[in-house]
Amino acid sequence: MTMPASRPLTTGTSSCRRLPAALRPDRVARLAAPAVLALLAGCAGPQSVFEGAGAEATDVAFLFWVMLVGSVAIWLFVIGLGIYATKTRPRAHSERTGLHLIIWGGGVFPVVVLAGLLIWGLAMMPELRRPANGPTIAVSGERFWWRISYDVEGEPGAVRSLPAGGVESANELWLPRGRRTEILLGSPDVIHSFWVPAIAGKTDAIPGRVNRLVLEPTREGIYNGVCAEFCGDAHTQMGLRVVVVPQAEYDARVAALARPAAVTDDPGAALFLKNGCGACHTVRGTEADGRVGPDLTHIASRQTIAAGLLPTNVANIARFIHSTDHVKPGVEMPSFGVLPDTEIDAIAQWLGRLE
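Heads up: the sequence shown runs through residues 1 to 355, numbered per this note's numbering.
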């Protein structure tokens, strides 16, 4: 009887050749390279913790890179040990050698590394807690925008409410370069989290409590901040623009914000008051003295409206007034689409001149 011919044994090489084209190592490498480059491209910019535009952010970024490089080195070492173990005869080393490897590599080494990182992190804390030598600014997180008050008097014992007074603005925080500015954080509604990644770490704004944060920007520029704690429907649209300038320019900015609006006989101003806008918004120099919404005294001098959502221009102001709930769903301001377009345009034109 004739025996059937035996099939040749398949090798690992021939198996790899039968892999789908998309899973071949060379194809995977080519596809992964653009993804890695895109990921690295996201590690820079005005909202990146790696930007290092503040003393605290620089320390955090440096610590991160040290930990990353160390982790990769340890990972490569472990992988190397695994490869070595697969290619070595089982009895190539004594049990005593293996025991030493476990004790020193698996016990002593991790303890020393983690203890070193802990000591390093603790050594950074006194530097971050140095007293402020710049202005004191109160920042209140509100749904869904930031109330900013310059030149406030911060009381060391005040822990439940932000100080009143000061020069008020919204959604745009100016800071003097090289000065340690104390930020007093609070909230009247829900918990928010104040975070400007390029300058410092996160600090919560909690109702009924004042938290303190010291910002020390080291490089001039414009940086983005966010609310890093879910606070409602428009949480992702609660942006903050941080402008770092020299001390003289900062002083000039605060002095300009302190002046009342240059109000003239304008039909837009009359319509603003007639339609009840002044019940929620303040425009210093007019009868509008509402405290519910942002101060609009110098709205035209800000780079954005709606907490960083839209560039500041007359068209966007009119659009926001007309369709507030469509542009930024979840905000407390109602839409005023019932008003004639001519009235909305007149109000927007007037607000667009409030520099």
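Even for Gly, the Cβ is constructed at its ideal location relative to N, Cα and C.
Return the residue from the list the options that minimises the CA-CA distance to residue i.
| i | options | result |
| --- | --- | --- |
| G121 | W104, L63 and A306 | L63 |
| H326 | V283, D233, L184 and A123 | D233 |
| V214 | E56, R30 and V245 | E56 |
| S193 | A73, P267 and W146 | W146 |
| G70 | A307, P340 and G116 | G116 |
| V242 | E229, D251, A228 and E220 | E220 |
| G178 | A123, Q247 and G186 | Q247 |
| A228 | G201, G98, V292 and V331 | G201 |
Can you pull the DSSP bridge partners for residue i?
| i | result |
| --- | --- |
| T385 | Since the first residue shown for the chain is 1 and the last is 355, residue 385 is missing from the structure and cannot be characterised. |
| V244 | L175 and G221 |
| I183 | I137 and L213 |
| Y150 | V167 |
| W145 | E142 |
| P188 | None, per the DSSP bridge assignment. |
| D204 | S193 |
| D289 | T282 |
| C227 | F194 |
Taking the alpha-carbon positions, what's the residue i to residue j distance?
| i | j | result |
| --- | --- | --- |
| L173 | G166 | 14 Å |
| A346 | A279 | 19 Å |
| V60 | A53 | 11 Å |
| T297 | I344 | 18 Å |
| A158 | G337 | Because A158 sits at a pLDDT of 49, beneath the cut-off of 50, its placement in the model cannot be relied upon, and the point is left open. |
| R353 | T324 | 21 Å |
| C16 | L101 | Note on C16: pLDDT 44, under 50, position unreliable in the model; no value is reported. |
| A286 | D341 | With the sequence shown as reference, residue 286 is identified as Thr, and Ala is not the correct amino acid for it. Answer to the nearest angstrom: the Cα atoms are 23 Å apart. |
| Q237 | G308 | 7 Å |
| V49 | G82 | 35 Å |
| G208 | P294 | 20 Å |
| W75 | K87 | 19 Å |
| E249 | D266 | 31 Å |
| V254 | L118 | 41 Å |
| I317 | Q349 | 8 Å |
| M333 | V292 | 9 Å |
| G106 | V78 | 11 Å |
| G98 | V66 | 29 Å |
| R96 | A85 | 16 Å |
| E51 | A73 | 24 Å |
Which whole-angstrom value is the C-beta distance of residue i and residue j, which I expect to be below 8 Å?
| i | j | result |
| --- | --- | --- |
| G225 | V263 | G225 to V263, Cβ: 31 Å. No contact. |
| A288 | L310 | Actually they do not touch by this definition, with Cβ atoms about 22 Å apart. |
| F144 | C231 | 7 Å |
| A138 | L184 | 5 Å |
| L351 | N275 | At roughly 13 Å, the Cβ-Cβ gap does not stay under 8 Å, so L351 and N275 are not in contact. |
| S187 | S140 | 6 Å |
Can residue i and residue j be called in contact, C-beta distance under 8 Å?
| i | j | result |
| --- | --- | --- |
| S169 | L257 | yes |
| D204 | E142 | no |
| V152 | T136 | yes |
| I191 | Y223 | no |
| E182 | A261 | no |
| P329 | V245 | no |
| T312 | I321 | no |
| N171 | L240 | yes |
| H281 | G268 | no |
| R130 | R180 | yes |
| A270 | E355 | no |
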